[in-house]
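>
2 protein chains.
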Amino acid sequence: MRIGDLSAATGASPRSLRYYEDQGLLTSSRSSGGQRHYAEAAVERVRLIQSLLSAGLNSATIQDVLPCINNEAIRTPWLAARLTSELQRVESQIEDLHRTRTVLAGLVKQYRVE
Amino acid sequence: MRIGDLSAATGASPRSLRYYEDQGLLTSSRSSGGQRHYAEAAVERVRLIQSLLSAGLNSATIQDVLPCINNEAIRTPWLAARLTSELQRVESQIEDLHRTRTVLAGLVKQYRVE
DNA sequence: GTAAAACTTGACATCCGTGTAAGGGTCAAG
DNA sequence: CTTGACCCTTACACGGATGTCAAGTTTTAC
Numbered sequence: 630m631r632i633g634d635l636s637a638a639t640g641a642s643p644r645s646l647r648y649y650e651d652q653g654l655l656t657s658s659r660s661s662g663g664q665r666h667y668a669e670a671a672v673e674r675v676r677l678i679q680s681l682l683s684a685g686l687n688s689a690t691i692q693d694v695l696p697c698i699n700n701e702a703i704r705t706p707w708l709a710a711r712l713t714s715e716l717q718r719v720e721s722q723i724e725d726l727h728r729t730r731t732v733l734a735g736l737v738k739q740y741r742v743e
Numbered sequence: 630m631r632i633g634d635l636s637a638a639t640g641a642s643p644r645s646l647r648y649y650e651d652q653g654l655l656t657s658s659r660s661s662g663g664q665r666h667y668a669e670a671a672v673e674r675v676r677l678i679q680s681l682l683s684a685g686l687n688s689a690t691i692q693d694v695l696p697c698i699n700n701e702a703i704r705t706p707w708l709a710a711r712l713t714s715e716l717q718r719v720e721s722q723i724e725d726l727h728r729t730r731t732v733l734a735g736l737v738k739q740y741r742v743e
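Note that the protein sequences, when read in sequence, are chains A and B. For the first sequence, the positions run 630 to 743 when the working numbering is used. For the second sequence, the positions run 630 to 743 when the working numbering is used.
If you want it as structure tokens, here you go:
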């Protein structure tokens, strides 16, 4: 699977995929000519990266947290705390969004053209 | 109410309050010396702006949408569509975040230090 | 063997809300 | 008055993921 295929499969641009690799979030093997090749599993991985990015984790945080998923990670108090804190961030973000949704829904109701 | 008071009341920095005004999201009257004065209602307004910003609306969009709240707005099909589309965006964002939360919660469970 | 499509690295640009510094003016209390 | 806290405008910087351009190499198809 070359970068264009992975891009098509995930919706991430080749530019982004190279960036993920730069940041240590994604690995690839190289052909003799230097082109990237990806395993099937990369598709899932990229989807996960995108999901975490859109949840507001930055790539450094993702790098701290992602290895857990595939490798048997080192179970440190630090990592547990980090994960918990990110989880809480996401949860409070969801709460905020719920409030915003309520506001927007109210507006939609009010300003619908009858 | 001067800018420092409004800042304290909302948590938005004076810098941000001036920016909101620049973008047409917030109005103020000026003292003879040129300093901004805000009505009580500005507190609610700023909270709303913050909420919409954190929901991913940019200031141009907010400007399109915010006037509805105070003024009896022009009820155009265009505005209704705009609001609906933003609402849908927020809702799908909430869905995505739910999925992300599930992933993170799974990790937390798995990597908790017993 | 040749052309087109896809890939490589590197560098610079963009968005956009916010921080921050400079240099100066305003306002209220003593 | 004067002082100190607060405010004004202008301007530049940043973060961080992504876009884009350039110049060159690899791969694929014919």
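Ideal Cβ placement from N, Cα and C applies to all residues, glycine included.
Which residues of the stretch 634-662 of chain A have a Cβ closer than 8 Å to any Cβ of chain B? Give them in chain order.
Going along the stretch 634-662 of chain A in chain order, one finds no residue with a Cβ nearer than 8 Å to chain B.
> Beta-carbon of Ser688(A) versus every beta-carbon of chain B: anything under 8 Å?
By one-based count along the first sequence, residue 688(A) stands at place 59. No, Ser688(A) does not count as interfacial toward chain B.
> Is it right to say Thr729(A) is buried, meaning 16 or more other beta carbons lie within 10 angstroms of its own, or is it exposed?
Walking along the first sequence from the start, residue 729(A) turns up at place 100. It counts as buried.
> Determine which residues of the stretch 716-727 of chain A have a Cβ less than 8 Å from any Cβ of chain B, and write them out in chain order.
Taking 8 Å as the Cβ-Cβ cut-off against chain B, the residues of the stretch 716-727 of chain A that qualify are Leu716, Val719, Glu720, Gln722, Ile723, Asp725, Leu726 and His727.
> Mind pulling the chain B residues with CB within less than 8 Å of Val737(A)?
The residue given as residue 737(A) occupies position 108 in the first sequence. Under the 8 Å cutoff, chain B gives Ala709, Leu712, Thr713 and Leu716.
> Against Val672(B), what residues of chain A qualify as contacts under a CB-to-CB distance less than 7 Å, listed in chain order?
Your numbering for residue 672(B) matches position 43 in the second sequence. Ordered by position in chain A, no residue passes the 7 Å Cβ test against Val672(B), which lies about 16 Å from the chain.
> Report the residue from Arg647(A), Arg659(A) and Leu712(A) whose alpha carbon sits nearest the alpha carbon of Val675(A).
Locating residue 675(A) in the first sequence gives position 46, where the first residue counts as 1. Nearest of Arg647(A), Arg659(A) and Leu712(A) to Val675(A), Cα basis: Arg647(A).
> Name the chain B residues that come within less than 7 Å of Val675(A), Cβ to Cβ?
Indexing the first sequence from 1 puts residue 675(A) at position 46. Near Val675(A) there are no residues of chain B at all, since even the closest Cβ is about 14 Å away, more than 7 Å.
> Compare the Cα-Cα distances from Ser658(A) to each of Arg631(A), Ile691(A) and Ser688(A) and report the closest residue.
Looking up residue 658(A) in the first sequence gives position 29. Per the Cα distances, Arg631(A).
> Per the contact definition of three or more C-beta pairs closer than 8 Å, is the stretch 686-696 of chain A in contact with the stretch 657-673 of chain A?
With a cut-off of 8 Å, the stretch 686-696 of chain A and the stretch 657-673 of chain A do not count as touching, because too few Cβ pairs lie within range.
> Per DSSP, Ser658(A) is paired with what?
Against the first sequence, residue 658(A) aligns to sequence position 29. In DSSP, Ser658(A) forms a bridge with His666(A).
> Determine whether the Cβ of Tyr740(B) lies closer than 8 Å to any Cβ atom of chain A.
Here residue 740(B) refers to the residue found at position 111 of the second sequence. Tyr740(B) counts as touching chain A.
> Would Ala734(A) pass as an interface residue toward chain B - the criterion being a Cβ-Cβ separation below 8 Å?
For the purposes of this step, residue 734(A) is identified with residue 105 of the first sequence, where counting begins at 1. Cβ-Cβ to chain B under 8 Å: yes for Ala734(A).
> May I have the straight-line CA-CA distance separating Pro643(B) from Asp634(A), to the nearest angstrom?
Here the question's residue 643(B) lines up with position 14 in the second sequence. Here the question's residue 634(A) lines up with position 5 in the first sequence. Cα-Cα distance, rounded: 48 Å.
> Under 8 Å by Cβ, that's how I've got Ile723(B) and Leu726(A) pegged, so tell me the actual separation to the nearest angstrom.
The residue you call residue 723(B) lines up with position 94 of the second sequence. The residue you call residue 726(A) lines up with position 97 of the first sequence. In this structure Ile723(B) is in contact with Leu726(A), their Cβ atoms being roughly 5 Å apart against a cut-off of 8 Å.
> I need the DSSP call for Leu633(B), collapsed to helix, strand or coil.
Along the second sequence, read from residue 1 onward, the residue named residue 633(B) stands at position 4. A quick correction: the sequence has Gly, not Leu, at residue 633(B). Residue state, collapsed to three classes: helix.
> Ala671(A): which of Ser683(A), Gly640(A), Gly735(A) and Val719(A) sits nearest, CA to CA?
Start at 1 with the first residue of the first sequence, and residue 671(A) comes out as number 42. Closest option to Ala671(A), Cα to Cα, is Gly640(A).
> Classify Glu673(B): buried if its beta carbon has 16 or more other beta carbons within 10 angstroms, exposed otherwise.
Taking the second sequence and counting its residues from 1, one reaches residue 673(B) at position 44. Answer is exposed; the Cβ neighbour count stays below 16.
> Between Tyr740(B) and Leu708(A), is the Cβ-Cβ spacing less than 8 Å?
Counted from its first residue, the second sequence places residue 740(B) at position 111. Counted from its first residue, the first sequence places residue 708(A) at position 79. Yes, these two residues count as a Cβ contact at 8 Å.
> Interface residues of chain B around Ala668(A) at Cβ under 8 Å?
Counting from 1 along the first sequence, the entry for residue 668(A) is found at position 39. Going along chain B, no residue has its Cβ under 8 Å from Ala668(A), so there is no contact; the nearest lies around 20 Å.
> Please classify Glu715(A) as buried or exposed, where buried requires at least 16 neighbouring CB atoms within 10 angstroms.
Position 86 of the first sequence, counted from the start, is the residue given in the question as residue 715(A). Buried is the call here.
> Using a Cβ-Cβ cut-off of 7 Å (strictly less than) and excluding sequence neighbours within five positions of Ala638(A), which residues of its own chain qualify?
One-based indexing of the first sequence puts residue 638(A) at position 9. Around Ala638(A): Val672.
> Residues of chain A with CB under 7 Å from Arg665(B), in chain order?
What you label residue 665(B) is simply residue 36 of the second sequence in a count that begins at 1. None at all; the shortest Cβ gap to chain A is about 25 Å.
> Looking only at C-alpha atoms, which of Arg718(A), Val732(A), Ser636(A) and Leu736(A) sits nearest to Asn687(A)?
The residue labelled residue 687(A) in the question sits at position 58 within the first sequence. Nearest option by C-alpha distance: Arg718(A).
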